[in-house]
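In this note's numbering, the protein residues as written are 2 to 163.
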């Protein structure tokens, strides 16, 4: 198995965080809240705020969710930094880095603004997928990478046991 132990994975997390924050800052400084720009017949750029989590979960919970979700993100970030400090397989390191960068991107928004700026809006006619951002994409990409890594790990384990 190929294991990696490198600070380069922290750089990747930083690039995800910085890229996400740069886009959020640009959207926030150049467009009014509620702005929408049709890019294609199924994709818009938007400027919306999400006080909740994925799919606006807990969005209307009275404000306590800001601190709860921030604590979850910071706890996850600390755990991911610890995991990346140990030798791990490359695909797992990639996954941890993506999730770390995304978690920090959304946590920074929550800490500074109380809500997360979302700007990608995919839709089919009037049915819109919840708006999202680069941090969300990194978290989902990291989660998918972890699933793939676990499938490869299970497959290797079966071949080793046979």
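All C-beta atoms in this analysis are idealised placements derived from N, C-alpha and C, irrespective of residue type, glycine included.
Between the C-alpha atoms of residue 86 and residue 7 there is a straight-line separation of about 8 Å.
Taking 9 Å as the cut-off, the Cβ atoms of residue 131 and residue 45 do not count as close. Residue burial annotation: residue 10 is buried, with at least 16 other C-beta atoms found within 10 angstroms of its C-beta. Following the DSSP letters along the chain, one finds residue 7 in no alpha helix (DSSP H), marked with neither H nor E. For residue 107, the secondary structure class from DSSP, reduced to helix, strand or coil, is helix. The closest CA to that of residue 81, considering only 140, 42, 149 and 154, is found on 140. Residue range 44 to 51 is occupied by the beta strand (DSSP E) that includes residue 45.
The distance from the Cβ of residue 108 to that of residue 75 is about 6 Å, consistent with a contact at the 8 Å cut-off. Rounded to the nearest angstrom, the gap between the Cα atoms of residue 128 and residue 88 is 44 Å. Taking the CA atoms as reference points, residue 153 sits about 14 Å from residue 144. If you ignore the 5 residues before and after residue 105, its C-beta comes within less than 6 Å of the C-beta of 18 and 78, all in its own chain and listed in chain order. No Cβ-Cβ contact shorter than 9 Å links residue 42 with residue 93. Residue 128 has 125 as its beta-bridge partners, per DSSP. When C-alpha distances from residue 38 are compared across 121, 98, 22 and 103, the shortest belongs to 121.
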